[in-house]
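Working notes for the structure below.
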Amino acid sequence: MSTETIAAPTTEKKPTHNEEIKLAIPTLAGTLAATMADTTVDRFSDDDQQFMKFHGIYQQDDRDLRKTGKKFMFMIRGRIPGGVLQPKGYLVYDRLATEYGNNTLRLTSRQSFQFHGVVKSGLGPLMKKINEAMMDTLAACGDVNRNVMAPSAPARDALGQRLRDDARRVSEALMPKTKAYHSIWVEGVQLNLEDPENKEFEDPLYGKTYLPRKFKTAFALAPVNDVDLFTNCLGYIGIADANGELAGYNITVGGGLGRSHGNTLTYPRMADVIGFVTPEQLVEVSRGVLTVHRDFGDRTDRKHARLKYILEEKGAAWFRAELESRLGYKLAEARPFEFTSQSDSFGWHQQADGNLFLGLFVLTGRIKDDGAYRLKSGLRAVVEKFGPEVRLTPSQNILLCNIAPAQRDAVTALLAEHGVPVENQATIIRRASMACPSMPTCGLGLAESERYLPGLMDRIEAKLGSLGLSDEEIVIRMTGCPNGCARPYMAEIGFVGKGPGRYQLWLGGNVSSTRLNRVYKETVKDAEMDAELGALFERWKNTRIGAERFGDWAARVVWPEIVEAPAAA
Ligand code: SRM
Ligand code: SF4
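Here the working numbering is used: the first residue of the sequence shown is 455, the next is one more, and so on.
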C-alpha cells in the first residue's frame, strides 16, 4: 500500500491568472520590449496585454472591421492628476493624436485624455514623446491607483488649487516604482529580468502582486460634486475652516459602479463617509486605505475584487478600525457638508483672481474637427496663441483658464473662425449628457454609446420641446455595457447597453450625484425609445411637484412602482 497521502479535495479558490503573472514578473515588464522590437508582429501576447495596462496602454481592434479580420490598434490613456495641463502639454497631446492616433483626442470621465487608433509602429514614438514632454501614462490603467480627480472649476480657486495640489501629491505617493516603464518606453530596452534586482523586485507600497483590482481616488469641494465622489474607492471632501482656509478632508471609502448583466453578486455601490483627516495625514491615510484593499481584496475573482465589496461585506466600522490600526491613531469624526450640484460652467466666467475662464462643451468627450465645427483645430489655435491652462472636467468637457479679460474677444473670435461658438454651445440637456466610447474601440461594448447618444439626444430634445420642457436639465448618461464608465448609475436617466440597439433603462439619480438610480426597464429597443421616454416625460410634466427635477420625480413616483425581479433560485 502506498504511503503517500492523498490530498483532501480543497474548496479553496485559486488566485486568478492575473495574480500569477504579476507574481512571476513583478516589474510588470513582461516581454513588451521584445515584442516592440519585433516588426513582424502587430499585436502582443495575452499576458503582455495585462502588463501593458499598468503602462496605460490597451490593445484593441477596430470592431467595425472585424468581418474582414482583426485590425489591431492601441488605446493610450494619460495620467493627468486633476485634469490639469499646461499649454505646452496640451499641444503635445494634440500633436501626437494627429501624428500617431486617429486625429481625435478622447476626454475621459476621469479628467484624462485617451489616444485611439494608434498602430504598433506608432506606439513607441508616441510613448517616448509623452514622457519627453514630462508627462506620463504609468498607472493610468491596471491594478493600481488610477488618475486622481479634483475639482476643475476656477471660480473658487484658492481652495480648488489647494485640492488640485493635494490630488497631485496623493497621485505621486501612490505611484508604482517599477523601472520597466522608463526602460521600455523611454530607453527602448528590455529590462534584464535575470538581474536579481528586477527578478525579486517588490514594490514598496504594492508588494509583488499590486492590488487585486483597480483603485480610484477623487477630491471634491462641496457644494459641487463634479467628480462624482461617492463612486470612488477613496474620496476626500474638502472642508473649509471659519476663515475659508482648508481645515482638512472628510474621507470616503468603498464606492464603485462596475457590474455584469445577470450577476446580482456585482452591483454599483456608493462610498461610506468614515471620518476626517488633516492635510498632513492625507498621504499616509491614502496609503493605508490602499493597503487594506491590497491585503483584503479578493484575488480569486476579478468580478469581486474591488474595494467596494470589502466595505459591503465587512462594514464601514470594521474598515475604519482596520485603517486606524494601520495608522496608529484614531480618525476624527466627519464634519458636516452638503453637495447640491455637479455640472460644469460653460461660456465665459470670472475666476477668483480677476482673470477669466472659458468652459467649452465637448460632445461625448471627443475633440475632433467635424465639418465646419473644427474644435480640435480651434483649441490648438487658442492654446498656441494665448497659452491658457487647460483643465479637463469629469464630465468630459474642457476649461481654458487664466485668460486676461482683454483677450476675451480675440479668443471668442478665433474659436468662431473654427466654427466653435462660446455662447449657446448646446442645449441645457445635451450639456448634462455623457457617453462612454464603446464601439468601435472598446472590446467590452455590447451596444453603441458615443456614436448613438447624440442622435438619441436629438429625439429627446424634440420630445421635451413638444411638451414645453426645453429649459429643463436632465442628467443623462449612456454606456455600451454594464461596466459603468460614464457613471450611468448616478444619472437621472441611465442607459446601459445590453446588445445591439438594446439598452437597460435606469431612473432616479439626482443632480448632486448622491443617489444611485434603479432599473426601470430591463430592455428598451431603439424602436421603442421614443414612446418609452415620451410617456415618462409626459407623466413627469403632469405629476411633478413645482419645479421637481426628473430624477427626483422618478425616485418619488416611479420607484415605488418598480417590481424587483425575484432572485434566481
Ligand atoms: Fe472604464 C474598462 C473606458 C471610466 C469602469 N473602461 C474600460 C475599458 C478600458 C475597456 C477594457 O477593459 O477593455 C474602456 C476603454 C474604452 C475605449 O475604447 O476607450 C474604458 N473608462 C473608460 C473611459 C475612457 C470612459 C469615458 O467615457 O471616459 C473612462 C476612463 C477614465 C480614466 O481616465 O481613467 C472610464 N470606467 C470608468 C468609470 C468611471 C470613473 O472611474 O469615474 C468606471 C466606473 C467606476 C468604477 O470603476 O467602479 C469604469 N471600466 C470600468 C470597468 C468595470 C470595473 C468593475 O469594477 O467592474 C471596466 C472593465 C474592467 O475593469 O474589467 C472598464
Ligand atoms: Fe467599454 Fe463598457 Fe466602459 Fe463603455 S462602459 S467604455 S462599453 S467597458
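No residue lacks a Cβ here, since even glycine has one placed at the ideal position from N, Cα and C.
When distances are taken from the beta-carbon of Asp-682 to the heavy atoms of ligand 1, the shortest one is below 7 Å.
Residue burial is scored here from C-beta neighbours: Gly-614 has at least 16 other C-beta atoms within 10 angstroms and is therefore classed as buried.
Taking the CA atoms as reference points, Thr-933 sits about 12 Å from Arg-713. Rounded to whole angstroms, the gap between the alpha carbons of Asn-717 and His-758 is 11 Å.
Contact between Glu-792 and Ala-676 is confirmed by a C-beta separation of about 6 Å, below the 8 Å threshold. When only Cα atoms are considered, Ala-587 and Arg-834 end up about 17 Å apart. By the criterion of at least three beta-carbon pairs nearer than 8 Å, the stretch 511-531 is in contact with the stretch 487-499. Here DSSP, grouped into helix, strand and coil, assigns Gln-615 to helix. Going by DSSP, Ala-674 is part of the beta strand (DSSP E) stretching over 671-675. Note that the C-beta distance between Gly-951 and Ala-901 is below 8 Å.
If you draw a straight line from the Cα of Glu-986 to the Cα of Glu-1015, it is about 15 Å long.
With a cut-off of 7 Å, the C-beta of Tyr-512 is classified as near ligand 1, since at least one heavy atom of the ligand falls inside that distance. Taken in chain order, the complete alpha helix (DSSP H) segments of 4 or more residues contained in the stretch 473-553 are 486-491, 500-508, 541-553. When the five nearest sequence neighbours on each side are left out, the beta carbons in the same chain lying within less than 6 Å of the beta carbon of Leu-829 are those of Ile-821, Val-874, in order along the chain. Under the DSSP definition of a beta bridge, Asp-726 partners with Val-707.
Glu-976 sits in a strand when the DSSP states are folded into three classes.
It is roughly 30 Å from the alpha-carbon of Arg-931 to the alpha-carbon of Met-589. Residue state for Ala-989 is assigned as helix, using DSSP reduced to three classes. Annotated three-state conformation of Gly-909 is helix, per DSSP.
A distance below 7 Å between beta-carbons, with the five flanking residues on each side excluded, links Glu-976 to the following residues of its chain, in chain order: Gln-958. In the structure shown, Met-581 adopts helical secondary structure according to DSSP, grouped into three states. In the DSSP assignment, Asp-824 is bridged to Tyr-827. Your pair Met-888 and Ala-940 checks out as a contact, with CB atoms roughly 4 Å apart and the cut at 8 Å.
Remark: the shortest separation between the CB of Asn-937 and any heavy atom of ligand 2 falls under 7 Å.
Relative to ligand 1, the nearest heavy atom lies less than 7 Å away from the CB of Gly-897. Annotation: Leu-700 to Asp-824 spans about 43 Å, alpha carbon to alpha carbon. The nearest non-hydrogen atom of ligand 1 is 7 Å or more from the C-beta of Cys-855.
Cys-855 has Glu-843 as its beta-bridge partners, per DSSP. Ligand 2 approaches Cys-890 closely enough that one of its heavy atoms is under 7 Å from the residue's Cβ.
Close CB contacts of Lys-631 within its chain, under the 8 Å cut and outside five residues either way in sequence, are with Asp-657, Pro-658, Leu-659 (chain order).
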